[in-house]
Every structure is written in C-alpha cells, then in structure tokens.
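Inspection log for the structure reproduced underneath, given as structure tokens.
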Amino acid sequence: KQWYQRRVRGEKHYMPAIRVWSSDNPLPQIEYMDSLWLQIKNMRNNNWEDNWIIRPYVGFESKLESSLQHPLPHFELPPDLEHTQFPLPYVVFRIFDTPDVPNRPEVPKLPRFNSIDRFLVEDAIMNVINSKNLTKKECAESLLRISGRSSMPLNYMLVEGLFGGLLELP
Numbered sequence: 002k003q004w005y006q007r008r009v010r011g012e013k014h015y016m017p018a019i020r021v022w023s024s025d026n027p028l029p030q031i032e033y034m035d036s037l038w039l040q041i042k043n044m045r046n047n048n049w050e051d052n053w054i055i056r057p058y059v060g061f062e063s064k065l066e067s068s069l070q071h072p073l074p075h076f077e078l079p080p081d082l083e084h085t086q087f088p089l090p091y092v093v094f095r096i097f098d099t100p101d102v103p104n105r106p107e108v109p110k111l112p113r114f115n116s117i118d119r120f121l122v123e124d125a126i127m128n129v130i131n132s133k134n135l136t137k138k139e140c141a142e143s144l145l146r147i148s149g150r151s152s153m154p155l156n157y158m159l160v161e162g163l164f165g166g167l168l169e170l171p
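At the far end of the sequence shown sits residue 171, using our numbering, and the numbering has no gaps.
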C-alpha cells in the first residue's frame, strides 16, 4: 500500500504514449497497476467476494477448521533497490463494457471494467495463449474449454483478449 501511494504521487508523463484510444469514452484507460489497485479496493468493499476462483476446499471446510493450525512466520518485503527492474507500465485493453452485452437471460452479464473477476478471466485467457501459442488448434480448444462459460460471456472476453494481444507493440 505504501509503495503504491508513493507511486501515485509521481506524475505519469508516459500515459499519452501508452494509451490505446485517444479518448476515455466509453471506457476509461487505466494503467495496469492502477487498475489492479482499484480492483483490490473493490474486493475489500465486497468482503473479498468473487465469482471466478474455484474453491475445491469448500467441501472440506469443517474438517479444515477443526484441524491443527500452523503459525505463519513474519514476512518482510525486500527493500527497493536502485538496480531493481520493474515491468514497464501499460494500459489495460478494454473494448466491451457491461451495456455492450445483450441483456437476455441466456447471456451472462459482463463484469465491470474494474472487476477482479474480469481480471482473473483475462489472466486465464492470456495464460492459455502464452502457453500454447505454438499449437494453434490446441490453443483454440483450450480457450473454448476455459471454465466459467455459464457465469461470464467468455466470447466477448476472448475477443477482447485476442485483440489486446494482437495490438500490443513489440
């Protein structure tokens, strides 16, 4: 939190260079770390609830609660060093917003642009693309098998993820 607050205080002169669109209408263009921070704040406001993460331990919750608890050791992050390299900033690529998806009972709602669910699905899509990029057929099959098709409009998110990957500058 302190690192992010220090980061926010600095001006972002690079934003015009990394923007995808020339306007923030209809969707705001937010840098990746700002977007992630906004998603974390939204999750905290929603009592850390999400609709995407699979929780196989729920069936064993009573057994886990009554089992032996182990103390976790204190952990400190390493200090920032001058030679530490961080990833370059980039804007989160968004094409679709919630109103763009048809409002029909058989079509699930698209999560808002600042939803952690959308980030997690996008991450799953990009992991498949990056891990299977040499075998197109296997990549396409894996993309169509991503779990959660009934809870999110994955076709819209796949198009957004694929175009985002295609339009990245080398």
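Ideal Cβ positions, reconstructed from N, Cα and C, are used throughout, including at glycine. For clarity, every value in this text was computed on a predicted model and none was experimentally measured.
Within-7 Å CB hit, residue i to chain B
i, result
"M44", "You won't find chain B in this structure, because it holds only one protein chain."
Residue i, DSSP secondary structure in three states
i, result
"E169", "coil"
"E161", "helix"
"E50", "coil"
Separation of residue j from residue i, as counted between CA atoms
i, j, result
"N26", "R45", "27 Å"
"K152", "L82", "Note that residue 152 corresponds to Ser in the displayed sequence, not to Lys. If I take the Cα positions, the gap works out to 43 Å."
"P57", "P17", "43 Å"
"L144", "E62", "31 Å"
"K137", "V108", "27 Å"
"L65", "I19", "46 Å"
"L78", "N47", "27 Å"
"N156", "Q70", "42 Å"
"Y15", "W22", "14 Å"
"P100", "L28", "11 Å"
"L74", "P80", "The sequence shown places Pro at residue 74, rather than the Leu named in the question. Distance between the alpha carbons of P74 and P80 is about 18 Å."
"D98", "R119", "11 Å"
"P72", "I41", "25 Å"
"I130", "I147", "12 Å"
"E142", "L39", "32 Å"
"N128", "S68", "34 Å"
"K133", "I126", "11 Å"
"V160", "V102", "13 Å"
"E139", "M158", "19 Å"
"H84", "S24", "35 Å"
Buried or exposed (CB count within 10 angstroms, at least 16 for buried), residue i
i, result
"V122", "buried"
"S36", "buried"
"S116", "buried"
"L135", "exposed"
"P154", "buried"
"D124", "exposed"
"F76", "exposed"
"L168", "exposed"
Next item on the list: Identify every run of the alpha helix (DSSP H) within the segment 77-133, keeping only runs that are complete inside it and at least 4 residues long; order them along the chain.
Entry: 117-132
Note to self: So, does the segment 152-167 touch the segment 94-101, judging by three or more C-beta pairs under 8 Å?
What the structure shows: yes
Item checked: Validate contact between the segment 32-41 and the segment 83-92 using beta carbons, cut 8 Å, 3 pairs -> yes
Margin query: For the segment 48-56 against the segment 112-119, do three or more pairs of beta-carbon atoms, one drawn from each stretch, fall closer than 8 Å, so that the two count as touching?
Written below: yes
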